[in-house]
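S.K.:
Numbering (the UniProt record's numbering), first residue to last: 1 to 409.
(1) Hey, which unbroken runs of the alpha helix (DSSP H) at 4 residues or more fall wholly within the region 126-189?
(2) Measuring alpha carbon to alpha carbon, tell me which residue in 186, 51, 102 and 71 is nearest residue 92.
(3) If you draw a straight line from the C-alpha of residue 407 to the C-alpha of residue 285, how long is it?
(4) Less than 8 angstroms between C-beta atoms, sequence neighbours within five positions excluded: which residues of the same chain meet that for residue 299?
(5) Determine the closest residue to residue 212 out of 186, 268 and 199, with distance taken between C-alpha atoms.
(6) By alpha-carbon positions, which one of 331, 280, 295 and 240 ends up nearest to residue 315?
(7) How far does the alpha helix (DSSP H) with residue 261 in it extend, from its first residue to its last?
(8) What's the gap between the Cα of residue 119 and the Cα of residue 125?
(9) Quick check on the DSSP output: the alpha helix (DSSP H) that includes residue 360 runs from which residue to which?
(10) Could you check whether the region 328-336 touches the region 188-208, counting it as contact only if at least three pairs of C-beta atoms, one from each stretch, sit closer than 8 angstroms?
(11) For residue 307, tell me which candidate among 59, 282, 233 and 342 has the shortest Cα-Cα distance.
(12) Quick check: residue 351 and residue 256, are their CB atoms within less than 8 angstroms of each other?
(13) Quick one: is residue 19 buried, meaning 16 or more other Cβ sit within 10 Å of its Cβ, or exposed?
(14) Spell out the partners DSSP gives residue 199 in its beta bridges.
(15) Taking the beta carbon of residue 182 as the centre, do at least 16 other beta carbons fall within 10 Å, making it buried, or is it exposed?
(16) Residue 8 to residue 260, Cα distance in whole Å?
(17) Would you check if the distance between the CB atom of residue 301 and the CB atom of residue 357 is smaller than 8 angstroms?
(18) Should the region 170-180 be regarded as contacting the region 61-75, the criterion being three or more beta carbon pairs within less than 8 angstroms?
(19) Could you round the C-beta distance between residue 156 and residue 203 to whole angstroms and report it? I think they count as a contact, below 8 angstroms.
(20) Does residue 255 come out as helix, strand or coil in the three-state DSSP assignment?
(21) Thinking C-beta only, is residue 264 closer than 8 angstroms to residue 332?
(22) Which residues bound the alpha helix (DSSP H) around residue 229?
(23) Is residue 21 helix, strand or coil by DSSP?
(24) In this structure, how does DSSP classify residue 219 when only helix, strand and coil are distinguished?
(25) Residue 413: buried (16+ other C-beta within 10 angstroms of its C-beta) or exposed?
(26) Over the uninterrupted alpha helix (DSSP H) stretch that includes residue 117, give me the two end residues.
(27) In this structure, does DSSP put residue 234 in helix, strand or coil?
(28) Determine the DSSP secondary structure at residue 299, reduced to helix, strand or coil.
(29) If we count the other Cβ atoms within 10 Å of its Cβ and call it buried at 16 or more, is residue 364 buried or exposed?
(30) Counting only runs of 3+ residues fully inside the region 29-89, write out the beta strand (DSSP E) ranges in chain order.
(31) So, at 7 angstroms on beta carbons, what are the nonlocal neighbours of residue 12 in its own chain, with the 5 sequence-adjacent residues on each side left out?
(32) Nearest CA to the CA of residue 49: which residue from 166, 242 and 61?
(33) Which partner residues of residue 7 appear in the DSSP bridge assignment?
Dropping the structure here:
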């Protein structure tokens, strides 16, 4: 345990009109700074014994000794509880503010502290921060305040039940994917607090609680279903939310763009000097440069997007009319039902549709990975979904186990 010795001294540079000076307490340096604070007593040089660093008056000396003993005891108790000694903490001890045990601090404060440190170190992407903030909002909706000492299996189990109940009430079912992310974030914050040597229960470490597994979403449109969605263009009213959402979705099916990129893509992102036209963007999620060719379906969507108003086609203007993600997904399901598609689709199914149909058309792994903007092909593989159509296509391309080859001498 580190030593936090201190000395008392008169601040001669702060001499008052009556000739007295404030008595200060000074600690050894912390992170290059020398913590020093007034203790609320003013003395003249004649009242101060510089040799023993105590007041000459016996009663005043006894008072100072009692106060320094209190400070020493508070520092010792704080240190043995593995609390980090900081300049701010020393100030609280000197002024007599009761130092709370770290396990009595807010779990939410450590949550915010973790994000701040990651952001300061440049290790927190905007999308990751937003995801963590969603978890923090859900926790606060579940329980206004949670102390570090409150974390246990029962509390976190009840939080998971809260997420399921809320998901069902919103018509989203058991929201396995969302629950997986929320619990993953909580586990990270628990490990962060453990790393600070603060007592906290970790029910996931001792297997008192099992985290929900990530649910793989396999929903995508096969070619026939995509064709049915495409035919809806002529059946929905122009300038309607349905028409605008449909165009965004079809554009994503033909380019593989995420919803965050579709909602922010501008006409100026199109390189019209190339044939075919190429879309160049910095992706919102990974902040990576991405180039995607504009295939015929995407090209037709671009012709319809301005809604016959050429004023909408300017480099700095968004290609698509925006609306909330909740509205987009609700509208998409209505459109799918109208097209006779029973699948529970979300906007992200367009990205899986692009990957799967591109694979069926023979696009190489390397090219598909770069279309999708993935850093490795393992991630791309998660988006390509096996289906009877893909089996049929692959069988036509690869003539395996032919009898005539087996009989050939």
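Note that CB positions come from ideal geometry on N, CA and C, so glycine has one too.
M.R.: To lay it out plainly:
(1) Runs of the alpha helix (DSSP H) inside the region 126-189: 126-142 and 153-169.
(2) In the chain shown, residue 92 corresponds to position 92, counting from 1. Among 186, 51, 102 and 71, the Cα nearest to that of residue 92 belongs to 71.
(3) Taking the chain shown and counting its residues from 1, one reaches residue 407 at position 407. Taking the chain shown and counting its residues from 1, one reaches residue 285 at position 285. For residue 407, the predicted structure reports a pLDDT of 49, less than 50, and the residue's modelled location is therefore unreliable. A value from the coordinates is still provided. For residue 407 and residue 285, the distance between alpha carbons rounds to 55 angstroms.
(4) Walking along the chain shown from the start, residue 299 turns up at place 299. Cβ within range, chain order: 276 and 277.
(5) The count along the chain shown starts at 1 and reaches residue 212 at position 212. Nearest C-alpha to residue 212: 186.
(6) Indexing the chain shown from 1 puts residue 315 at position 315. It is 280 whose Cα lies nearest to the Cα of residue 315.
(7) The count along the chain shown starts at 1 and reaches residue 261 at position 261. Looking at the DSSP string, the run of the alpha helix (DSSP H) that includes residue 261 is 259-262.
(8) Start at 1 with the first residue of the chain shown, and residue 119 comes out as number 119. Start at 1 with the first residue of the chain shown, and residue 125 comes out as number 125. Straight through space, the alpha carbons of residue 125 and residue 119 are spaced by roughly 8 angstroms.
(9) Numbered from 1 along the chain shown, position 360 holds the residue referred to as residue 360. Membership of residue 360 in the alpha helix (DSSP H) is indicated by the continuous run 349-360.
(10) no
(11) Within the chain shown, the letter at position 307 stands for residue 307. The shortest C-alpha separation from residue 307 is found at 233.
(12) The residue you call residue 351 lines up with position 351 of the chain shown. The residue you call residue 256 lines up with position 256 of the chain shown. Yes.
(13) Walking along the chain shown from the start, residue 19 turns up at place 19. With fewer than 16 Cβ atoms within 10 Å of its Cβ, residue 19 is classed as exposed.
(14) For this step, residue 199 is matched to residue 199 along the chain shown. Answer by DSSP bridge pairing: none, since residue 199 is not bridged.
(15) In the chain shown, the residue the question calls residue 182 occupies position 182. The residue in question, residue 182, is buried, as its Cβ has 16 or more Cβ neighbours within 10 Å.
(16) Residue 8 sits at position 8 when you count from the first residue of the chain shown. Residue 260 sits at position 260 when you count from the first residue of the chain shown. Taking the straight line from one Cα to the other gives about 60 angstroms.
(17) Here residue 301 refers to the residue found at position 301 of the chain shown. Here residue 357 refers to the residue found at position 357 of the chain shown. Contact flag unset, no.
(18) no
(19) Translated into the one-based positions of the chain shown, residue 156 becomes position 156. Translated into the one-based positions of the chain shown, residue 203 becomes position 203. The Cβ separation is near 6 angstroms, so the contact holds.
(20) Sequence index remark: in the chain shown, residue 255 carries index 255 (1-based). Helix at residue 255.
(21) Position 332 of the chain shown holds residue 332. Position 264 of the chain shown holds residue 264. Not a contact, by the Cβ cut-off of 8 angstroms.
(22) Stepping through the chain shown from its first residue, residue 229 is reached at position 229. It spans 223-231 - the alpha helix (DSSP H) in which residue 229 sits, taken as one unbroken run.
(23) If you number the chain shown from 1, residue 21 lands on position 21. Reduced to three states, the DSSP call for residue 21 is strand.
(24) Position 219 of the chain shown holds residue 219. Note: residue 219 maps to coil in three-state DSSP.
(25) In the structure as shown, the chain starts at 1 and stops at 409, and residue 413 therefore has no counterpart that could be examined.
(26) Start at 1 with the first residue of the chain shown, and residue 117 comes out as number 117. That run of the alpha helix (DSSP H) goes 107-120.
(27) For the purposes of this step, residue 234 is identified with residue 234 of the chain shown, where counting begins at 1. In this structure, residue 234 counts as helix in the three-state DSSP scheme.
(28) Walking along the chain shown from the start, residue 299 turns up at place 299. Residue 299 falls in the helix class under three-state DSSP.
(29) Locating residue 364 in the chain shown gives position 364, where the first residue counts as 1. Per the 10 Å Cβ criterion, exposed.
(30) 36-43
(31) Within the chain shown, numbered from 1, the residue matching residue 12 stands at position 12. So the list reads 21, once near-sequence residues are dropped.
(32) Mapped onto the chain shown, residue 49 falls at position 49. Answer by Cα proximity: 61.
(33) Working through the chain shown from its first residue, we reach residue 7 at position 7. Residue 7 pairs with 26.
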